[in-house]
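**Q** Let me begin by handing over the structure; questions about it come next.
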Amino acid sequence: MDTMMKFSELDRELAARTYDGMIGTFTTNGVVDEETQKNDLDIVREVLNVTKEVPIERAYDFSFAKKADSDLTKAGGNLRNFPGCSLASLIR
1 MDTMMKFSEL DRELAARTYD GMIGTFTTNG VVDEETQKND LDIVREVLNV TKEVPIERAY
61 DFSFAKKADS DLTKAGGNLR NFPGCSLASL IR
């Protein structure tokens, strides 16, 4: 929430409402497709009366989620086989 507020300059209440409206668009691997990202940014711009285009890469960075999904897939979806996960040591 703090990051959303920082980069979008929204107050906490509007950031929370924006998050609640967007959370249903997220996928199981945590990555949102580009069209949805653009649409979400357009809605935020409209609500805030912002005319300037906001580059998708300024608002979204799914590189960590993509890497985590790839690593977890390579580990067979099992955290016990996923040494990059701090939870792996907890479940052994």
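Residue 24 in this note's numbering sits at position 24 of the sequence shown; the count goes up by one each step and never skips.
Backbone N, C-alpha and C fix where the C-beta goes; we use that ideal spot for every residue, glycine too.
Buried or exposed: which applies to Leu-48, given that a residue is buried once 16 or more other Cβ atoms fall within 10 Å of its Cβ?
**A** Within the sequence shown, the letter at position 48 stands for residue 48. Classification for Leu-48: exposed.
**Q** Measuring CB to CB, does Ile-56 end up less than 8 Å from Lys-38?
**A** Here the question's residue 56 lines up with position 56 in the sequence shown. Here the question's residue 38 lines up with position 38 in the sequence shown. Contact flag set, yes.
**Q** Just reading off the alpha helix (DSSP H) that Asp-20 is part of, what are its end residues?
**A** Residue numbering aside, residue 20 sits at position 20 when the sequence shown is read from its first letter. Note, Asp-20: alpha helix (DSSP H), 12 to 22.
**Q** Report the option in Ala-59, Ser-70 and Glu-35 whose CA atom is closest to the CA atom of Met-5.
**A** Indexing the sequence shown from 1 puts residue 5 at position 5. Checking every option, the nearest Cα to that of Met-5 belongs to Ala-59.
**Q** For Arg-12 versus Met-22, is the C-beta distance shorter than 8 Å?
**A** As a first step, residue 12 is located in the sequence shown; it is residue number 12 there, counting from the start. As a first step, residue 22 is located in the sequence shown; it is residue number 22 there, counting from the start. No, Cβ-Cβ distance for Arg-12 and Met-22 is not below 8 Å.
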